[in-house]
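Worksheet: one structure, shown below.
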Amino acid sequence: MTRSDIGLIGLSTMGQNLALNIERNGFKISVFNRTAEITRDFTAQKTKGKKFFPFYSLEKFISSLEKPKKIILLIKAGEPVDEMIKKLLPFLEKGDLLIDGGNSFFRDTERRQEFLKEKGIELLGMGVSGGEEGALKGPSLMLGGERRAFKKAEDILVKISAKFKGEPCCTYLGPRGAGHFVKMVHNGIEYGIMQALGEIYDFLKNGLDLSQQQIIREFTVRQKSLFASYLMEISLEVLNNVDSETSKPLIESILDEAEQKGTGKWTTQTALDLGVPILGISSAVEARIISSWKKKRERLSSLFPKKGIEANKKIEIQLLFDAFLASILMIYQEGFFLLRQGSEEFGYQLNLAQVAKTWRAGCIIRAKLTEKIASILEKSSENKLLLETSFFQNQLKKLENSWREVISVFLACTIPCPTMSACLAEFDSLRQKRLESASLIQGLRDRFGSHGFRRIDKKGDFHVD
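Using the working numbering, the first residue of the sequence shown is number 1, and each one after it goes up by one.
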């Protein structure tokens, strides 16, 4: 019997595309899906003449694989992963490898690794970014677990990954949950950038009264500069799309409720646990929560009408994009600071330059900026904040005045900008040599709870009765 090089469980669109990618790169692949009909449809429609082996029982699926068996799981994160592992265990042997390619919480990945280690089975946590298109053409892959486990699947994973100027965007990042931790932070950055993009679009439309075509033109111009990114590129696709039912721009028919699957929330929770400020990313997560309050917003809109924009509040469009760029720089600062602190706390020993290089192609946040950050980190000390690098300093000093002016106009016009304003607030907080607000807070804590305080002129802990 001809055995497959690798198996894949989970034939959603993402799973189907990754399977096609694997086969296209010369590997024999077995596939399985919990719902047999999906496997049949996929096999009938997309695998004719290709090296695919569909199976409808887990036992036969696993017996079709070369030893040591390698299986990619592309299923919903959480309990479904645990359930699938339980079902696979009776058919697995020592030395076999599971690769969790879903958006699993990194702590869950570490728990599963410990559980499987006792049985001699290895688990890699693999962050996969690039969406359906990336899965088919080449995603960014972030691996965490035992290095020897990565070596078992390295050839396949490197070949199917995105390439940046010939370099694979597939990286072994560190032990245990390192891969899923990095993917979680990637998604947090993604949340922040998307929210900031949405705020810019809102102001162009409702603050400056630009037409859809004018907005498209402004986005197109910026896509040719430092703003160039995959998210900007697909924003143009969304804005250019015309709804076949209404013959109007599709975006006007999309309900204004932004959903989420949890990675942004995990990023915020982890940052709180580590004591890392990520005001921009956290505000983007909360902005999605506010968007889900559709009926409440409709009621409140009649109680507190929006203010009209005054003629003297009009601002140059370039200033708006300057403020956007400044905010994006802060979001990257937040993400890489969180990566650094998490690496130290969890013992991942992340190479931040390598992380940035993995994000240069394939992933959702790929951009001119990620290329620049990779270059900066390769030349800089790992202990430096991005804010301390000359590039970030020069950019933020140049953009700061525009940033402040734009935020003030947003506020005056009652157009929400939670992420861009939070980024500015964090920037201002981090640059304060003395935070007077913190001194008062600590004094209050000592007054009502006898929590004590430290002094600026002598060592030790103090309390005033």
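Glycine residues also receive a C-beta, built at the ideal position from the N, C-alpha and C atoms.
| said: Do A196 and F336 count as a contact pair if the criterion is CB distance below 8 Å? | reply: Taking the sequence shown and counting its residues from 1, one reaches residue 336 at position 336. Taking the sequence shown and counting its residues from 1, one reaches residue 196 at position 196. No Cβ-Cβ contact shorter than 8 Å links F336 with A196.
TODO: Below 8 Å on the Cβ atoms is my guess for F106 versus G177; work out the distance and round it to an integer in Å.
DONE: Sequence index remark: in the sequence shown, residue 106 carries index 106 (1-based). Sequence index remark: in the sequence shown, residue 177 carries index 177 (1-based). With 8 Å as the limit, F106 and G177 qualify as a contact, their Cβ atoms being about 3 Å apart.
message = If distances are taken between C-alpha atoms only, which option among Q333, E218 and G452 comes closest to V185?
response = Translated into the one-based positions of the sequence shown, residue 185 becomes position 185. Checked all of Q333, E218 and G452; the closest Cα to V185 is Q333.
Next item on the list: Would you mind sorting Y56 into buried or exposed? The rule is 16 or more other CB atoms within 10 Å of its CB.
Entry: Numbered from its first residue, the sequence shown carries residue 56 at position 56. When all chains shown are included, Y56 counts as exposed.
Complete alpha helix (DSSP H) runs within the region 305-379 (minimum length 4 residues, chain order):
317-346, 352-358 and 368-379
### Close-in-space but distant-in-sequence residues of the same chain around K152 (CB under 7 Å, 5 per side omitted)
The residue given as residue 152 occupies position 152 in the sequence shown. Cβ within range, chain order: P68, K70 and L97.
Worksheet entry | Beta-carbon spacing of E66, R3 below 8 Å | Counting from one through the sequence shown, the residue named residue 66 turns up at place 66. Counting from one through the sequence shown, the residue named residue 3 turns up at place 3. Yes, the pair counts as a contact, with Cβ atoms nearer than the cut-off.
Within a Cβ cutoff of 7 Å, which residues of the same chain sit near I328, ignoring the five residues on either side of it in sequence? Stepping through the sequence shown from its first residue, residue 328 is reached at position 328. So the list reads I193, A196 and L369, once near-sequence residues are dropped.
Notebook entry, point to check: In three-state DSSP terms, what is L428?
Noted result: Counting from one through the sequence shown, the residue named residue 428 turns up at place 428. Per the sequence shown, the amino acid found at residue 428 is Asp instead of Leu. Note: D428 maps to helix in three-state DSSP.
Apply the 10 Å Cβ neighbour rule to K357 and answer buried if 16 or more other Cβ atoms are within range, or exposed otherwise. Here residue 357 corresponds to residue number 357 of the sequence shown, with the count starting at 1. Buried, because 16 or more other Cβ atoms sit within 10 Å of the Cβ of K357.
Practice problem: Give every residue of the same chain whose Cβ lies closer than 6 Å to the Cβ of Q393, excluding the five residues on either side of it in the sequence, and list them in chain order. | Solution: Mapped onto the sequence shown, residue 393 falls at position 393. So no residue of the chain qualifies.
* Beta-carbon proximity check, G145 vs Q113, cutoff 8 Å -> Position 145 of the sequence shown holds residue 145. Position 113 of the sequence shown holds residue 113. The answer is yes: Cβ separation under 8 Å.
Q) Any idea what DSSP makes of V128, helix, strand or coil? A) In the sequence shown, residue 128 corresponds to position 128, counting from 1. Looking at V128 - three-state DSSP - the assignment turns out to be strand.
ask   = Do L143 and D100 come within 8 Å of each other at the CB atom, strictly closer than that value?
value = In the sequence shown, the residue the question calls residue 100 occupies position 100. In the sequence shown, the residue the question calls residue 143 occupies position 143. Cβ distance not < 8 Å, so D100 and L143 don't count as in contact.
Contact the region 212-221 vs the region 163-175: 3+ CB pairs below 8 Å
no
Problem set entry | The alpha helix (DSSP H) enclosing P175, as first and last residue numbers | Along the sequence shown, one-based indexing puts residue 175 at 175. Neither: P175 is in no alpha helix (DSSP H) and is coded neither H nor E.
- Item | Buried/exposed call for N401, threshold 16 Cβ in 10 Å | Numbered from its first residue, the sequence shown carries residue 401 at position 401. With fewer than 16 Cβ atoms within 10 Å of its Cβ, N401 is classed as exposed.
Return the first residue and the last residue of the alpha helix (DSSP H) that K60 is part of. On the sequence shown, position 60 is the one that residue 60 refers to. First-last of the alpha helix (DSSP H) with K60: L58 to S63.
### Query
What residue range is occupied by the uninterrupted alpha helix (DSSP H) comprising P80?
In the sequence shown, residue 80 corresponds to position 80, counting from 1. That run of the alpha helix (DSSP H) goes E79 to L88.
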